[in-house]
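S.K.: Residue numbers (the numbering used here): 228 to 546. All residues carry an ideal CB built from backbone N, CA and C; glycine is no exception.
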Amino acid sequence: MKKIAVLTSGGDAPGMNAAIRAVVRYGLDMGMEVMGVERGLQGLIDDLFVPMNMRSVSDIIHRGGTILKTARCPEFKTQEGQQKAIENLRARGVEGLIVIGGDGSFMGAKAMTDKGFPSIGIPGTIDNDLAYTDYTLGFDTACNTILDAINKIRDTMSSHERVSIIEVMGRNCGDLALYTGLCGGAEVIIVPEHKLTIDQIVKTLGGGMEHGKTSGIIVLAEGAGHADDLKAELSARTDMVVKSTRLGHVQRGGSPSCRDRYLGTCFGVHAVKLLKQGIGNRIVGIKNHKFYDMDIVEGCAMKKHFDNELYETALIVGK
Ligand code: ADP
Ligand code: F6P
Numbered sequence: 228m229k230k231i232a233v234l235t236s237g238g239d240a241p242g243m244n245a246a247i248r249a250v251v252r253y254g255l256d257m258g259m260e261v262m263g264v265e266r267g268l269q270g271l272i273d274d275l276f277v278p279m280n281m282r283s284v285s286d287i288i289h290r291g292g293t294i295l296k297t298a299r300c301p302e303f304k305t306q307e308g309q310q311k312a313i314e315n316l317r318a319r320g321v322e323g324l325i326v327i328g329g330d331g332s333f334m335g336a337k338a339m340t341d342k343g344f345p346s347i348g349i350p351g352t353i354d355n356d357l358a359y360t361d362y363t364l365g366f367d368t369a370c371n372t373i374l375d376a377i378n379k380i381r382d383t384m385s386s387h388e389r390v391s392i393i394e395v396m397g398r399n400c401g402d403l404a405l406y407t408g409l410c411g412g413a414e415v416i417i418v419p420e421h422k423l424t425i426d427q428i429v430k431t432l433g434g435g436m437e438h439g440k441t442s443g444i445i446v447l448a449e450g451a452g453h454a455d456d457l458k459a460e461l462s463a464r465t466d467m468v469v470k471s472t473r474l475g476h477v478q479r480g481g482s483p484s485c486r487d488r489y490l491g492t493c494f495g496v497h498a499v500k501l502l503k504q505g506i507g508n509r510i511v512g513i514k515n516h517k518f519y520d521m522d523i524v525e526g527c528a529m530k531k532h533f534d535n536e537l538y539e540t541a542l543i544v545g546k
């Protein structure tokens, strides 16, 4: 391939800029022209192409968000939207596409390949909800941002002898809650994969108090409920002073961690190498420390494995 394009789609994630930078510079180094597409898949339909050069991606490796902007685009689910996107790409002489996003965006990349336009997916989402890869871009940074918040909340909970519920993102996946609950020393971790009853939560907190604890941290995944609802239930059931914090979008921003810059760079390079060989319909990932690629449909159909053993460990060491 002589000319490729790159875009970011769905929710942004720290490390997307590192991936864009790698795609642009590695692609140019391989003798290809590289176009950026603004506003995700919507930008393909709206013809928002920007030629990229070595300097277009200067000074971005440390920035959160995505310099190409991102969007959600219902029109891309239609045949007309996809056809228009391919017409715009072909009119500019683009031969291959790299889509950085989550599984929704990957369906867009698949639709493009099905219509004869080779496309590759790079996993970019803080949720870590894609089964075929051990890590998605942005997960590590989001974990560190959440941990920082937990540490701060812990200081004040401890001083006032209170219990805090911290609601984190993740859609239907409990990974953000699991890892930050474990590493933040939470007494209770509530994830969609293991919904706990109010009795179990009260019992766990009470057990800690019997052993001398005077404050507590509950990490709640958004897919398992809402912090305010749980606060109301706990306040009604116990005499503990309960506070709730919904971290919201603070956990999606910020400078990417070392790991996310590394992943973004290596995912980007891997994707460019595939397109250079004319290969499409693949998603790039990392398994057991090795970068690899697999078929989009097969990869997206894989069922996410929740680490039950780690979850049990987190609850034991959080007692
Ligand atoms: P993510 O990529 O983070 O999972 P979304 O699920 O919101 O985020 O999907 C991002 C975009 O991917 C959607 O707005 C839409 O443009 C596109 N998309 C999602 N599902 C499909 C589909 N089945 N076919 C084509 N495009 C899709
Ligand atoms: O997929 C990333 C994510 O941040 C989820 O964790 C969350 O449920 C969702 O996106 C929030 O989306 P929005 O930014 O559109 O509110």
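With DSSP collapsed to three states, give me the class of Y362.
M.R.: Here residue 362 refers to the residue found at position 135 when the sequence shown is read from its first residue. Three-state result, Y362: coil.
S.K.: Do T407 and L374 come within 9 Å of each other at the CB atom, strictly closer than that value?
M.R.: By one-based count along the sequence shown, residue 374 stands at place 147. By one-based count along the sequence shown, residue 407 stands at place 180. Cβ atoms of L374 and T407: closer than 9 Å.
S.K.: How would you write the range of the alpha helix (DSSP H) that D456 sits in, first residue to last?
M.R.: Along the sequence shown, one-based indexing puts residue 456 at 229. Here the alpha helix (DSSP H) through D456 covers 454 to 464.
S.K.: Considering only residues of the same chain and omitting the five flanking positions on each side of G292, which have a CB-CB separation below 8 Å?
M.R.: Residue 292 sits at position 65 when you count from the first residue of the sequence shown. So the list reads D239, P241, M243, N244, G480, once near-sequence residues are dropped.
S.K.: T482 by DSSP, collapsed to three states: which one?
M.R.: Within the sequence shown, residue 482 is the residue found at index 255, counting from 1. The question names Thr, but residue 482 in the sequence shown is Ser. Three-state result, S482: coil.
S.K.: On a Cα-Cα basis, can you pick out the residue from T363, D354, S442 that is closest to G491?
M.R.: Along the sequence shown, one-based indexing puts residue 491 at 264. That would be T363, whose Cα lies nearest to the Cα of G491.
S.K.: Quick one: what does DSSP say A448 is sitting in, helix, strand or coil?
M.R.: As a first step, residue 448 must be located in the sequence shown, where it is residue number 221. In this structure, A448 counts as strand in the three-state DSSP scheme.
S.K.: I'd like to confirm the pairing. Which residues does DSSP put opposite R512 in its beta bridges?
M.R.: For the purposes of this step, residue 512 is taken as residue 285 along the sequence shown, with counting starting at 1. For clarity, residue 512 is Gly in the given sequence; the question names Arg instead. According to DSSP, which records beta bridges pairwise, G512 is partnered with Y519.
S.K.: Using the C-alpha atoms, what's the distance from V446 back to C410?
M.R.: Working through the sequence shown from its first residue, we reach residue 410 at position 183. Working through the sequence shown from its first residue, we reach residue 446 at position 219. So the two alpha carbons sit approximately 11 Å from each other.
S.K.: How would you call R282, buried or exposed, if buried means at least 16 neighbouring beta carbons within 10 angstroms?
M.R.: As a working mapping, residue 282 is identified with position 55 in the sequence shown. By the neighbour-count rule (16 or more Cβ atoms within 10 Å), R282 is not buried but exposed.
S.K.: Any chance the CB of E449 is under 8 Å from a heavy atom of the ligand F6P?
M.R.: If you number the sequence shown from 1, residue 449 lands on position 222. Yes.
S.K.: When we look at the beta-carbon of I513 and count the other beta-carbons within 10 Å, is it buried (16 or more) or exposed?
M.R.: Here residue 513 refers to the residue found at position 286 when the sequence shown is read from its first residue. Buried, since its Cβ has 16 or more Cβ neighbours within 10 Å.
S.K.: At a cut-off of 8 Å, is E407 close to the ligand ADP when judged by its beta-carbon and the heavy atoms of the ligand?
M.R.: Taking the first residue of the sequence shown as 1, we reach residue 407 at position 180. It is worth fixing the name first, because residue 407 is Thr in this sequence and not Glu. Result no, Cβ not under 8 Å from the ligand ADP.
S.K.: In whole angstroms, what separates the C-alpha of V390 from that of L461?
M.R.: One-based indexing of the sequence shown puts residue 390 at position 163. One-based indexing of the sequence shown puts residue 461 at position 234. Straight-line Cα distance between these residues: approximately 10 Å.
S.K.: Are the CB atoms of N508 and P301 within a distance shorter than 9 Å?
M.R.: To locate residue 301, count along the sequence shown from 1; it is residue 74. To locate residue 508, count along the sequence shown from 1; it is residue 281. Taking 9 Å as the Cβ cut-off, P301 and N508 do not qualify as a contacting pair.
S.K.: If A232 and L316 are in contact, beta carbons under 8 Å, what's the gap, nearest whole angstrom?
M.R.: The sequence position of residue 232 within the sequence shown is 5, counting from 1. The sequence position of residue 316 within the sequence shown is 89, counting from 1. Between L316 and A232 the Cβ distance is about 6 Å, and since that is below 8 Å, they are a contact.
S.K.: Rounded to the nearest angstrom, what separates V284 and A246 at their Cα positions?
M.R.: As a first step, residue 284 is located in the sequence shown; it is residue number 57 there, counting from the start. As a first step, residue 246 is located in the sequence shown; it is residue number 19 there, counting from the start. Their backbone Cα atoms lie some 10 Å apart in a straight line.
S.K.: Under DSSP, the beta strand (DSSP E) around R248 begins and ends at which residues?
M.R.: Start at 1 with the first residue of the sequence shown, and residue 248 comes out as number 21. From DSSP, R248 is part of no beta strand (DSSP E) but of the alpha helix (DSSP H) over 243 to 256.
S.K.: What are the residues that DSSP puts in a beta bridge with V284?
M.R.: To locate residue 284, count along the sequence shown from 1; it is residue 57. In the DSSP output, where bridge partners are listed per residue, V284 has none listed.
S.K.: Given a threshold of 16 other Cβ atoms within 10 Å of its Cβ, counted over all protein chains shown, does P278 qualify as buried or as exposed?
M.R.: Start at 1 with the first residue of the sequence shown, and residue 278 comes out as number 51. By the neighbour-count rule (16 or more Cβ atoms within 10 Å), P278 is not buried but exposed.
S.K.: In the DSSP assignment, the beta strand (DSSP E) including V418 goes from what residue to what residue?
M.R.: Locating residue 418 in the sequence shown gives position 191, where the first residue counts as 1. Counting along the chain, V418 falls outside any beta strand (DSSP E), and DSSP gives it neither H nor E.
S.K.: Quick check on the burial criterion: 16 or more other C-beta atoms within 10 angstroms. Buried or exposed for E420?
M.R.: As a working note, residue 420 is residue 193 in the sequence shown. That one is buried.
S.K.: In terms of residue numbering, what span does the beta strand (DSSP E) encompassing K430 cover?
M.R.: Translated into the one-based positions of the sequence shown, residue 430 becomes position 203. No beta strand (DSSP E) contains K430, which is instead part of the alpha helix (DSSP H) from 425 to 437.
S.K.: In angstroms with no decimal places, state the Cα-to-Cα distance between G397 and Y538.
M.R.: Here the question's residue 397 lines up with position 170 in the sequence shown. Here the question's residue 538 lines up with position 311 in the sequence shown. Distance between the alpha carbons of G397 and Y538: 16 Å.
S.K.: Does the beta-carbon of I288, which I'm using as the reference point, lie nearer than 8 Å to any heavy atom of the ligand F6P?
M.R.: Within the sequence shown, residue 288 is the residue found at index 61, counting from 1. Checking the Cβ of I288 against the ligand F6P gives no.
S.K.: Please name the residue in N515, F518, H438, I393 whose C-alpha comes closest to that of L457.
M.R.: Against the sequence shown, residue 457 aligns to sequence position 230. If we check each option's Cα against that of L457, I393 comes out closest.
S.K.: Does the Cβ of D330 lie closer than 8 Å to at least one heavy atom of the ligand ADP?
M.R.: Residue numbering aside, residue 330 sits at position 103 when the sequence shown is read from its first letter. Yes; taking the cut-off as 8 Å, the Cβ of D330 has a heavy atom of the ligand ADP nearer than that.
S.K.: Exposed or buried, what is E437 when buried is set at 16 or more other beta-carbons lying within 10 Å of its beta-carbon?
M.R.: In the sequence shown, residue 437 corresponds to position 210, counting from 1. E437 is exposed by the Cβ-count criterion.
S.K.: Please classify I536 as buried or exposed, where buried requires at least 16 neighbouring CB atoms within 10 angstroms.
M.R.: Within the sequence shown, numbered from 1, the residue matching residue 536 stands at position 309. The question names Ile, yet the displayed sequence has Glu at residue 536. Exposed, by the Cβ-count rule.
S.K.: Bridge partners of I313, per DSSP?
M.R.: By 1-based counting over the sequence shown, the position of residue 313 is 86. Looking at the DSSP assignment, I313 forms no beta bridge with any residue, so it has no partner.
S.K.: Select from D520, T431, V251 the residue whose C-alpha is nearest the C-alpha of R260.
M.R.: On the sequence shown, position 33 is the one that residue 260 refers to. The displayed chain sequence assigns Glu, not Arg, to residue 260. Ranking the options by Cα distance to E260, first place goes to V251.
S.K.: Between the Cα of G331 and the Cα atoms of H532, N515, I523, which residue gives the shortest distance?
M.R.: The residue you call residue 331 lines up with position 104 of the sequence shown. Per the Cα distances, I523.
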